[in-house]
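Reminder that position 25 of the sequence shown reads as 25 in the UniProt record's numbering, one-by-one numbering, no gaps. Beneath this line is the structure, given in structure tokens, with notes to follow.
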Amino acid sequence: MTQDPGRAAAPPAVPRRSDGSSPMIEIKVDFERCDANGTCAALMPDVFRIGEDGRLRQLVSEVDDGRENELDEAILCCPVGAISRS
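So, in structure tokens, the structure goes:
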């Protein structure tokens, strides 16, 4: 089957986990780059926290894909671009 060159390809189907739950999005933080300004912690306090030492703590390494918009906002609002996803 050939694709119409004027149309974008549909994204591949996202597989479900074996237990039927939604797939997860992995969160990565470049701690060398992070300036711990706290924007991400304010947006996603269950994922990021600023510790008593003033450093960022990543509380979880992945979130449910239903939180994609929240995570994207945290990524976009990071002033030094230290947060990414996969």
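Ideal Cβ positions, reconstructed from N, Cα and C, are used throughout, including at glycine.
- Residue pairing by DSSP places ARG49 opposite ARG57 in a beta bridge.
- Under the DSSP assignment, GLU62 falls in the beta strand (DSSP E) whose first and last residues are 62–64.
- Taken through DSSP and simplified to helix, strand or coil, GLU32 comes out as coil.
- A straight line joining the alpha-carbon of GLY54 with that of PRO45 spans about 15 Å.
- Excluding five sequence positions before and after SER22, the CB atoms of its chain that fall closer than 8 Å to its own CB belong to ARG16, ASP64, ASP65 and GLY66, given in chain order.
- Secondary-structure assignment with DSSP links MET24 through a beta bridge to ASP64.
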